[in-house]
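Note sheet for the following structure.
Protein chains in written order, with the numbering used here: chain A, 110 to 518; chain B, 110 to 518.
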């Protein structure tokens, strides 16, 4: 297969499996300018699948930098009504939505952190209603990755730019299974396997998970109503879609107030344009009572200070060390990939669909049932090849879930 | 001055003179993807001028081609609600609007003409309310040009691509007066001169214009309420702005039903992705009764068949042959430039502000006063270096306006 063949296969997979675009649906695509060649292939695949219209909401880090450097302070709380209005239209109209990931994780690292924070908080607050609607099954949405030079050079600093880009593209193609003879069939089999494991986990009726690895000794309580998810999602209207390409995780809702112990990051965390390294946290009664990092610790503290819920967990996820993403041996510095290489936890908002009946709950009820609420949702990796994860059942019996990083059930 | 200096000067001129952006205004920019470097400079200049926010509405011909080739026929009447919704927000909010011109005039020439027509008619109909509001002084809007390879290679087919691009940029800089030591001062002087001539023309109280050149012998009646415009415009809220960079024309409203004679194009016309050459038309009682072209005549006939008003004139404009645009000796194949190199007439809608009191008229009143109504407004060039233009006054006396292509008043 040529590069073009694989890129076209990725575009088709995205439309047919990621969004599972229905005839007559509009497709909205959020994409950085640099991804235009891939966007056009996605648009072609969408029209071939019967799209009513393809709208592209282009993003540009360089434009954001001009704003951060030259806007008055007071105007930094303005947001793009074109973008957020479009997201609300997607929800109202029941359209499909695709996000193309191709950011340089350090794009804003040189900018004034206070100003970046002001902009990000305004964006977070304005985007929240549509984000919640996406989480509540209003939209068949997906995220897929596109290699770009800034990202490739960060992962492969010792390679020539063209070689780095090619290597990142190949890693994306492998992780997304589009270098296989029939990518759509490969995804059907993969989703069946993930969904089988998620069903088993739901039958275990666990009350807690225990994570053990060097630097990590963490007890994560699970709410009575917790529900394991992973692989595909389903809209309220019944469309099955795959939110993330790639995806290798099964995940659920932790009990907001019942997390205790210590956790050590197994990979750096890229947040708001900064790469935070060497994270360690202590939890007491669900709350982060101590947090340190060996690089960009101030960014970590800002993250935790976003709001009250930013100090509590909203997701716990299991991933085997043998996942194709882990097998690449790469640190992608992008959650979409790195979260599929290792077990992880997320600070901030829990997904309402990870509690049974959660989509029908208002926020106080959701929190009373163990869910967390916040403006943020930030995954960070704790899984290592020597991690053990044990499930605790209602009667106190223990179920081995992962040993030495691998599934054992 | 380096290229970067001139590009930055063009961005500053656009914001300060073109839009005359006011502190606290939002700026919406419509721009092809390829113009991103210039867009970012415009955004910088806008934030430095106190913009509240800069929204960019990106356009992409390649995406349009995917749609034209792969969408179902029925869905070709869909339009971008993101784009047109944004234009309506600009009108409702009193924001500033900038259009960056950088199209390949032949971008859609290889596409199915019927399908292109279907898309263009839908776009024209959907965009009409905001276009009218722009014409009625709701918005301080401007258009400026950005050189791109496809456009440059079309104008300079014999040059290497890089040399062609450089030559086109230099022509844009010269025509836009940004290679002068103080471009903003140069524009102040230029606008004063244009506006002086427009004032004189208004004092003449003309009833008709006569155009004479080889192949052209055209009598264009002027309505009693006609008003000469040119140079800057002014919003209802009082902001002075310059709709076109460059601009060299003074123009007014012809009498819809009082145009007689023949006209021959002095330049090709680029419309809807096709370059129409060798146009000749005959007018009787205002209406085009015969139209021919030596290339793409079918596109010309389609244009005339858009609606009833497409066969009547909506603008008549005077330009001296010595204008800096004419002096480049180039055929830009873009109206923004070519209309500033030669006298021209426009098929289709008349601007309501070119009749005294026109902005307050409804369409029937506007048409009763001599104005024309249509979905389209398409300029085409009739001016040549040997053209004579004579004004006829109420008492029948004749005023020489242009002789051998030059101003004589």
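Glycine included, C-beta positions come from ideal geometry on N, C-alpha and C.
* Looking at the structure shown, is residue 197 of chain B part of a helix, part of a strand, or coil, going by DSSP? -> Working through the second chain from its first residue, we reach residue 197 of chain B at position 88. Here residue 197 of chain B sits in helix by DSSP.
* Name the chain B residues that come within less than 8 Å of residue 161 of chain A, Cβ to Cβ? -> For this step, residue 161 of chain A is matched to residue 52 along the first chain. Residues of chain B passing the Cβ test: 184 and 187.
* Asked: Cβ of residue 157 of chain B less than 8 Å from any chain A Cβ?
  -> Locating residue 157 of chain B in the second chain gives position 48, where the first residue counts as 1. Taking Cβ atoms only, chain A reaches closer than 8 Å to residue 157 of chain B, which makes this a yes.
* Does DSSP classify residue 319 of chain A as helix, strand or coil? -> Translated into positions along the first chain, residue 319 of chain A becomes position 210. If DSSP states are grouped into helix, strand and coil, residue 319 of chain A belongs with the strands.
* **Partner residues on chain A for residue 165 of chain B, Cβ-Cβ distance less than 8 Å** => Residue 165 of chain B sits at position 56 when you count from the first residue of the second chain. Chain A residues near residue 165 of chain B: 167, 169 and 172.
* Is residue 297 of chain A helix, strand or coil when you go by DSSP? -> Indexing the first chain from 1 puts residue 297 of chain A at position 188. Reduced to three states, the DSSP call for residue 297 of chain A is helix.
* Asked: Under a three-way DSSP split, which group does residue 507 of chain A fall into?
  -> Along the first chain, read from residue 1 onward, the residue named residue 507 of chain A stands at position 398. Strand at residue 507 of chain A.
* Asked: If we count Cβ pairs, one from each stretch, closer than 8 Å, do we get three or more for the region 465-483 of chain B versus the region 411-431 of chain B?
  -> yes
* Whole-number beta carbon distance between residue 443 of chain B and residue 214 of chain B, since they are thought to touch under 8 Å -> On the second chain, residue 214 of chain B is found 105 positions in, with the first residue counted as 1. On the second chain, residue 443 of chain B is found 334 positions in, with the first residue counted as 1. Indeed, because the Cβ distance is near 7 Å, the residues count as touching under 8 Å.
* Taking 8 Å as the cut-off, decide whether the C-beta atoms of residue 104 of chain A and residue 491 of chain A are in contact. => Residue numbering for chain A in the displayed model covers 110 to 518; residue 104 of chain A lies beyond these limits and cannot be assessed.
* Asked: Three-state secondary structure (DSSP) at residue 361 of chain B?
  -> Walking along the second chain from the start, residue 361 of chain B turns up at place 252. In the structure shown, residue 361 of chain B sits in a strand (DSSP, three-state: E or B).
* What does residue 116 of chain A touch in chain B if you count any residue whose Cβ is under 9 Å from its own? -> For the purposes of this step, residue 116 of chain A is taken as residue 7 along the first chain, with counting starting at 1. Ordered by position in chain B, no residue passes the 9 Å Cβ test against residue 116 of chain A, which lies about 14 Å from the chain.
* Asked: Do you know offhand how far residue 236 of chain A's Cα is from residue 230 of chain A's?
  -> For this step, residue 236 of chain A is matched to residue 127 along the first chain. For this step, residue 230 of chain A is matched to residue 121 along the first chain. Roughly 10 Å separates the two Cα atoms.
* **Which of helix, strand or coil DSSP assigns to residue 390 of chain B** => Along the second chain, one-based indexing puts residue 390 of chain B at 281. Residue state, collapsed to three classes: strand.
* Who are the neighbours of residue 520 of chain B on chain A, taking C-beta pairs under 8 Å? -> Since the first and last residues shown for chain B are 110 and 518, residue 520 of chain B lies out of range.
* To do: Quick one: grab the DSSP three-state call for residue 512 of chain A.
  => The residue labelled residue 512 of chain A in the question sits at position 403 within the first chain. Residue 512 of chain A falls in the strand class under three-state DSSP.
* Using the Cα positions of residue 257 of chain A and residue 168 of chain A, report the straight-line distance between them to the nearest angstrom. => Position 148 of the first chain, counted from the first residue, corresponds to residue 257 of chain A. Position 59 of the first chain, counted from the first residue, corresponds to residue 168 of chain A. Using only the alpha carbons, I get a separation of about 14 Å.
* Asked: Under 8 Å Cβ-Cβ, which residues of chain B neighbour residue 190 of chain A?
  -> Counted from its first residue, the first chain places residue 190 of chain A at position 81. Here the neighbours are 164 and 198.
* Closer than 7 Å by C-beta to residue 115 of chain A: which residues in its own chain qualify, once you throw out the five before and the five after it? Chain order, please. => On the first chain, position 6 is the one that residue 115 of chain A refers to. Taken in chain order, the residues that qualify are 282, 287 and 288.
* Mapping DSSP to helix, strand and coil, what is residue 340 of chain A? -> Residue numbering aside, residue 340 of chain A sits at position 231 when the first chain is read from its first letter. Reduced to three states, the DSSP call for residue 340 of chain A is coil.
* Span separating the alpha-carbon of residue 210 of chain A from that of residue 404 of chain A -> In the first chain, counting from the first residue as 1, residue 210 of chain A sits at position 101. In the first chain, counting from the first residue as 1, residue 404 of chain A sits at position 295. In a straight line, the C-alpha of residue 210 of chain A is about 24 Å away from that of residue 404 of chain A.
* Asked: Do the region 111-125 of chain B and the region 345-357 of chain A touch if we need at least three Cβ pairs shorter than 8 Å?
  -> no
* To do: With 8 Å as the threshold, decide whether the Cβ of residue 382 of chain B is near any Cβ in chain A.
  => Indexing the second chain from 1 puts residue 382 of chain B at position 273. Not one chain A Cβ lies under 8 Å of residue 382 of chain B.
* Counting along the chain, where does the alpha helix (DSSP H) carrying residue 258 of chain A start and finish? -> By one-based count along the first chain, residue 258 of chain A stands at place 149. Residue 258 of chain A -> alpha helix (DSSP H) spans 258-264.
* Go through the region 152-215 of chain B residue by residue and report every complete run of the alpha helix (DSSP H) that reaches 4 residues or more, in order. => 170-179 and 190-202
* **Nearest-angstrom Cα separation, counted from residue 267 of chain A out to residue 300 of chain A** => Locating residue 300 of chain A in the first chain gives position 191, where the first residue counts as 1. Locating residue 267 of chain A in the first chain gives position 158, where the first residue counts as 1. The straight-line gap from Cα to Cα measures roughly 36 Å.
* Asked: Under the three-state reduction of DSSP, which class applies to residue 141 of chain B: helix, strand or coil?
  -> Walking along the second chain from the start, residue 141 of chain B turns up at place 32. Strand at residue 141 of chain B.
* **Under 7 Å from the C-beta of residue 149 of chain A: neighbouring residues of chain C** => Reference to chain C is not applicable here, since the protein chains of this structure are A and B.
* Considering only residues of the same chain and omitting the five flanking positions on each side of residue 233 of chain A, which have a CB-CB separation below 7 Å? -> One-based indexing of the first chain puts residue 233 of chain A at position 124. Around residue 233 of chain A: 484 and 485.
* Against chain A: residues of the region 198-214 of chain B by CB proximity under 8 Å -> 198
* Looking at the C-beta of residue 56 of chain B, does it have a partner C-beta in chain A at a distance below 8 Å? -> Nothing can be reported for residue 56 of chain B, as the shown portion of chain B is limited to 110 through 518.
* Would you decide whether residue 461 of chain A is buried or exposed? Buried here means 16 or more other CB atoms lie within 10 Å of its CB. => Taking the first residue of the first chain as 1, we reach residue 461 of chain A at position 352. Answer is buried; the Cβ neighbour count reaches 16.
* Asked: If we ignore side chains and look at the alpha-carbon of each, how far apart do residue 320 of chain A and residue 378 of chain A end up?
  -> Position 211 of the first chain holds residue 320 of chain A. Position 269 of the first chain holds residue 378 of chain A. Looking at the two C-alpha atoms, the distance is approximately 19 Å.
* Beta-bridge pairing of residue 249 of chain A - partner residues as DSSP gives them -> Taking the first chain and counting its residues from 1, the one referred to as residue 249 of chain A is at position 140. DSSP lists A:205 as partners of residue 249 of chain A.
* Assigned secondary structure, residue 490 of chain B (DSSP; H/G/I helix, E/B strand, else coil) -> The residue labelled residue 490 of chain B in the question sits at position 381 within the second chain. Strand, per DSSP.
* To do: Please list, in chain order, all residues of the same chain as residue 322 of chain B whose beta carbon is under 8 Å from its beta carbon, the five residues on each side excluded.
  => By one-based count along the second chain, residue 322 of chain B stands at place 213. Excluding residues within five positions, the ones whose Cβ falls inside 8 Å are 373, 375, 491, 492, 493, 495, 496 and 497.
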